[in-house]
Amino acid sequence: MRVGIVFHKNPFAEPTGIDLVRLRAIAGGLIKRGIQAEVLSPVSDEGTIDDHVPVRKLDVLRESSRYDLIKTSYHYSMELLQDYSGPVVSRIVRVVDDKLPERDDPFRKRLLECQELIRDRSSVLVLNNKENSDRWQALYGDTPRIELIPTGCPVNIPDPCGNPFHGTRPVMLFLGSVAAPRMVRMINRAASELASLCEVHLVGLNKACLYGGDDNCVLNPLVVDHGELPEQKIWDHIRHASIGLALATGPHAFDNDVSKILNYLRGGLPVLSEEPIINNELVRRTGLGTTFAFDDAEDLAAKAEDLLRRDFRSKRKKVMEFMALEHSWDRRVEAYAALFRSLCGCKSEMQRFC
Numbered sequence: 048m049r050v051g052i053v054f055h056k057n058p059f060a061e062p063t064g065i066d067l068v069r070l071r072a073i074a075g076g077l078i079k080r081g082i083q084a085e086v087l088s089p090v091s092d093e094g095t096i097d098d099h100v101p102v103r104k105l106d107v108l109r110e111s112s113r114y115d116l117i118k119t120s121y122h123y124s125m126e127l128l129q130d131y132s133g134p135v136v137s138r139i140v141r142v143v144d145d146k147l148p149e150r151d152d153p154f155r156k157r158l159l160e161c162q163e164l165i166r167d168r169s170s171v172l173v174l175n176n177k178e179n180s181d182r183w184q185a186l187y188g189d190t191p192r193i194e195l196i197p198t199g200c201p202v203n204i205p206d207p208c209g210n211p212f213h214g215t216r217p218v219m220l221f222l223g224s225v226a227a228p229r230m231v232r233m234i235n236r237a238a239s240e241l242a243s244l245c246e247v248h249l250v251g252l253n254k255a256c257l258y259g260g261d262d263n264c265v266l267n268p269l270v271v272d273h274g275e276l277p278e279q280k281i282w283d284h285i286r287h288a289s290i291g292l293a294l295a296t297g298p299h300a301f302d303n304d305v306s307k308i309l310n311y312l313r314g315g316l317p318v319l320s321e322e323p324i325i326n327n328e329l330v331r332r333t334g335l336g337t338t339f340a341f342d343d344a345e346d347l348a349a350k351a352e353d354l355l356r357r358d359f360r361s362k363r364k365k366v367m368e369f370m371a372l373e374h375s376w377d378r379r380v381e382a383y384a385a386l387f388r389s390l391c392g393c394k395s396e397m398q399r400f401c
């Protein structure tokens, strides 16, 4: 079986954001399972990522018999299918309607057009959670068929290389993109409220201005901004932090599937997570952390102070092992491989090149 994974960004960039981490994990995992996966992207030069995942130009989609199946990665990937006529498995993070999420106002028309393409063209739609599945069905009915395959985390994480934090106080870490103006406000208030207890560090990009923020969406000088770092380097930040902070983009659960929580837990870092984040169920199930009320900086500070007093050493190893076993990228690849084989008529793991 040959599968093309359509990706609308530069796949050769450093695998820092979750979009590139996911792409490499899924594509590489499929190849390990005997599926000939290739990334298709608007690149000028072909090559490989991770030394074994081929990256092709979109022109190969004109070869109608080259791929048994196409998987798209995000909304905008649907715009790149050209005249490909075979089975399509689409994946999106959140379902957009004519009002929500509010932060998608600058992109709403285009996102809705992509969803129409998905409805009309896809064989299967992959979503992370039931909340978005319910939204899709309310908007579009039962077309296409929906499969739930959540985000994942690594089975193996890099060996320790040392403490990247140079201060003497505990560290509250925010990992990933700041993707809404309210997130900037909450990070800034956390840095102020907790200034006497801990440092607040950001590893990622502040993208709030892309989602309706203005030029004043700047971080408090108390926030230590590391910018984006290669994935391999983030694990020492997770290891040596005291709390991993997860913030909601807004008040609606469907818009708050927060992948950083899986990395925090995989690295054994206690999580302080805002309601109504969907992944809070994992925090509650593992017991490694707690939640705080939406848009309540005082509750955030009080819960952070409580977490800093608690000793989680007895829980960490078990939680890390649980995440690697039950929520790994390998588990997600297994789900994709089974889905692809069912669509292509393969009945067993042994039928690898049907």
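According to this note's numbering, the sequence shown is numbered sequentially starting from 48.
Glycine included, every Cβ here is placed at the ideal spot set by N, Cα and C.
In this text, all values refer to a predicted model and were calculated from it rather than measured experimentally.
task = Could you tell me the distance, in whole angstroms, from the CA atom of S320 to the CA atom of H213?
result = The straight-line gap from Cα to Cα measures roughly 25 Å.
query = Using a Cβ-Cβ cut-off of 8 Å (strictly less than) and excluding sequence neighbours within five positions of C245, which residues of its own chain qualify?
reply = Residues R216, P217, V218, M219, S289, I290, A351 and L355 of the same chain have their beta carbon placed closer than 8 Å to that of C245, with the five preceding and five following residues left out of the count.
key: C-alpha distance - R388 paired with G297, whole-angstrom precision   = Straight through space, the alpha carbons of G297 and R388 are spaced by roughly 37 Å.
key: The beta strand (DSSP E) enclosing R103, as first and last residue numbers   = Annotation: the continuous beta strand (DSSP E) that includes R103 extends over V100 to K104.
key: Span of the beta strand (DSSP E), counted from its first residue to its last, around Q83   = It spans Q83 to S88 - the beta strand (DSSP E) in which Q83 sits, taken as one unbroken run.
task = Would you mind sorting T95 into buried or exposed? The rule is 16 or more other CB atoms within 10 Å of its CB.
result = T95 comes out exposed.
query = Which residues in the same chain as C256 place their Cβ atom closer than 6 Å to its Cβ, once the five residues preceding and following it in sequence are excluded?
reply = In its chain, beyond the 5 residues on either side, C264 have a beta carbon closer than 6 Å to the beta carbon of C256.
inquiry  = For S239 and L269, I'd like the C-alpha separation in whole angstroms.
reply    = When rounded, the distance between both Cα atoms is 7 Å.
query = I think L329 touches L312, with their Cβ atoms under 8 Å apart; what is that distance to the nearest whole Å?
reply = Sure, about 6 Å apart at Cβ, within 8 Å.
ask   = So does L105 have its beta carbon nearer than 8 Å to some heavy atom of the ligand GTP?
value = The ligand GTP is not among the ligands present in this structure, which contains no ligands whatsoever.
task = Give the range of the alpha helix (DSSP H) segment to which F387 is assigned.
result = That run of the alpha helix (DSSP H) goes W376 to L390.
task = Consult DSSP for M48 and reduce its assignment to one of helix, strand or coil.
result = Coil, per DSSP.
inquiry  = Rounding to the nearest angstrom, what Cα-Cα distance links L116 and E163 in this structure?
reply    = The alpha-carbon of L116 is positioned some 20 Å away from that of E163.
query = What residue from I82, L266, L276 and A300 has the CA that sits closest to V140's CA?
reply = The candidate whose alpha carbon is nearest that of V140 is A300.
query = Can you tell which of S243, V53, Q184 and K307 has its C-alpha closest to the C-alpha of H122?
reply = It is V53 whose Cα lies nearest to the Cα of H122.
request  = Over the uninterrupted beta strand (DSSP E) stretch that includes G94, give me the two end residues.
outcome  = Element bounds for G94: G94 to I96.
message = Using DSSP's beta-bridge definition, name the partner residues of C200.
response = Under DSSP, C200 shares a beta bridge with S375.
key: Spatial distance of D346 from R360 (CA atoms)   = Approximately 24 Å between the Cα atoms of the pair.
query = Start and end of the alpha helix (DSSP H) containing D167?
reply = Unbroken alpha helix (DSSP H) run through D167: R155 to R168.
query = Would R150 be called buried (16 or more neighbouring beta carbons within 10 Å of its own) or exposed?
reply = Around the beta-carbon of R150, 16 or more other beta-carbon atoms lie within 10 Å, marking it buried.
inquiry  = Tell me the DSSP secondary structure of A340 in three-state form.
reply    = When secondary structure is reduced to three states using DSSP, A340 falls in the coil class, being assigned neither helix nor strand.
ask   = Looking at C-alpha atoms only, which residue of R69, G76 and N57 is the closest neighbour of V380?
value = Measuring from the Cα of V380, the nearest candidate turns out to be G76.
message = I'd like the span of the alpha helix (DSSP H) that includes R232, first residue to last.
response = Segment P228 to E240, the alpha helix (DSSP H) holding R232.
query = Between the C-alpha atoms of G274 and N326, what's the straight-line distance to the nearest angstrom?
reply = Each residue's Cα considered, the two are about 24 Å apart.
ask   = How big is the Cα-Cα spacing for F59 and I65?
value = The straight-line gap from Cα to Cα measures roughly 14 Å.
key: Which residues DSSP lists as bridging A295, in chain order   = Under DSSP, no beta-bridge partner is assigned to A295.
Per-residue burial, G314 [other beta carbons within 10 Å of its own, 16 or more giving buried] = Buried is the call here.
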